[in-house]
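Structure record follows, encoded as structure tokens.
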Amino acid sequence: MENTRSIGILGAGAMGTLFAARLANVGLDVTLVDVNDELLQALNRDGARCHTDEGLLQARVRAARAEQLTAGPALWLVFTKSAHTRAALQGIAHLIGPDTHFLSLQNGIGHADVLREMVPLERIAVGVTTWPARVMSPGEVSSMGQGGIRFMPCDGQRSAVFDLLADDLNRAGMHCSIDPQVQEAIWEKLAFNAAFNGVCAVTRQTVDGLANPQGEALLQRVLDEVLSVAHAHGVAASAERVGAAVRDALDHHRGHQPSMLQDLLAGRATETGAIHGAVLKVADRLGIAVPVTRTLHALVSLSENAGAVAPR
Ligand SMILES: NC(=O)C1=CN([C@@H]2O[C@H](COP(=O)(O)OP(=O)(O)OC[C@H]3O[C@@H](n4cnc5c(N)ncnc54)[C@H](OP(=O)(O)O)[C@@H]3O)[C@@H](O)[C@H]2O)C=CC1
Ligand SMILES: CC(C)(CO)C(=O)C(=O)O
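Each position in the sequence shown, counted from 1, maps to that position plus 194 in my numbering.
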């Protein structure tokens, strides 16, 4: 009965393809929207392909440019990079009706503000995911290991639409919970990304390249700043949990270039606006000094400008 449920995915890169493969594999009717024609062709021809610890998941999906669609699902997952969210939403404006809902699991904060330009708060949910994904070829991703998803509707109220989505994600084996404390998880991931992504992007180091006293001291300065902003903002983000995640990354993410470094090297817009920039906005409003985060934001933005990166 549930296998005719439909879902849209905005952005068919690493995460979009992972979620498409897993959700289509349990019977959902998945539509992906992207701007890359080679990718769209591959998805329509071969389906969404995702290499997992259990083997290859491959499932039929529909993929199109926004302007090719005349009708769309009533529920969308947002998986563009944050600099592209507004343009992507404007692209599907003609598909958004009075019942259209959105979930953003993007890194950083501030996504609900962008979504609110298109739909009211009660139809928006935000959260985090620890599922990893990496593009291998168009429409083919690798997602090894396990992950989880935590999200909460932005108005703080449970709703049938988002409850059913959580059920679908759990049927797809993605370990999803609806979590009233999700802001803690969001700010903990924000601190982690502000530190690793910023320092690695500026220094051109992989994650394990920071496993030395200088690198770890710099990471700690950023973590302390972001956590102090979170606490002043009323979010009880845990220094212990972030510290453990950082230690694990330093010890195990050998050779990994955080996405911000990958984006810079490829001449793409980074997510420094939704990560460092968003921390600065809250810090400035609350009068908290965050000099290292501010400097990282300036340095990453200057590097982006050097590569003439423009948001689309
Ligand atoms: N990858 C990971 O392991 C994780 C990523 N995240 C977060 O998830 C989000 C998505 O990340 P990821 O999947 O890695 O990113 P990708 O860059 O792999 O995918 C984003 C896709 O969106 C496309 N896109 C750009 N502009 C538009 C538009 N206007 N309309 C529709 N599609 C568009 C991009 O095309 P093009 O490439 O041509 O620009 C690309 O195919 C980010 O916020 C990231 O931080 C969270 C957890 C883990
Ligand atoms: C992989 C990780 C966790 C950074 O180490 C990340 O979030 C990113 O690359 O953006």
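Yeah, the Cβ is synthetic: ideal placement off N, Cα and C, and Gly gets one too. Keep in mind that this is a model prediction, so the values were computed, not measured.
Near ligand 1: residue i beta-carbon under 7 Å from a heavy atom
i           : result
residue 238 : no
residue 342 : no
residue 449 : no
residue 326 : yes
residue 312 : no
residue 276 : yes
residue 331 : no
residue 307 : no
residue 232 : no
residue 209 : yes
residue 206 : yes
residue 300 : yes
residue 453 : yes
residue 376 : no
residue 246 : no
residue 420 : no
residue 409 : no
residue 273 : yes
residue 498 : no
residue 228 : yes
residue 323 : yes
residue 461 : no
residue 202 : no
residue 438 : no
Beta-carbon proximity of residue i to residue j, cut-off 8 Å
i           : j           : result
residue 515 : residue 356 : Here the chain covers residues 195 to 506 and nothing more, so residue 515 does not appear.
residue 455 : residue 405 : no
residue 452 : residue 499 : no
residue 430 : residue 382 : no
residue 219 : residue 366 : yes
residue 228 : residue 268 : no
residue 473 : residue 401 : no
Alpha carbon of residue i to alpha carbon of residue j, nearest angstrom
i           : j           : result
residue 496 : residue 353 : 42 Å
residue 489 : residue 265 : 44 Å
residue 209 : residue 326 : 8 Å
residue 199 : residue 223 : 6 Å
residue 399 : residue 278 : 26 Å
residue 237 : residue 413 : 39 Å
residue 251 : residue 482 : 47 Å
residue 439 : residue 201 : 32 Å
residue 362 : residue 215 : 13 Å
residue 225 : residue 437 : 38 Å
residue 306 : residue 241 : 30 Å
Contacting residues, own chain, Cβ-Cβ under 8 Å from residue i (five flanking each side not counted)
i           : result
residue 338 : 245, 246, 247 and 326
residue 321 : 297, 298, 299, 343, 344, 345, 346, 373, 376, 379 and 380
residue 287 : 312
residue 393 : 399, 404, 409, 412, 413, 416 and 490
Same chain only: Cβ atoms within 7 Å of residue i, ignoring 5 sequence neighbours per side
i           : result
residue 477 : 423 and 484
residue 324 : 341 and 342
residue 310 : 318
Other residues of its chain near residue i: CB distance less than 6 Å, five sequence neighbours each side excluded
i           : result
residue 468 : 276, 302 and 304
residue 315 : 348 and 349
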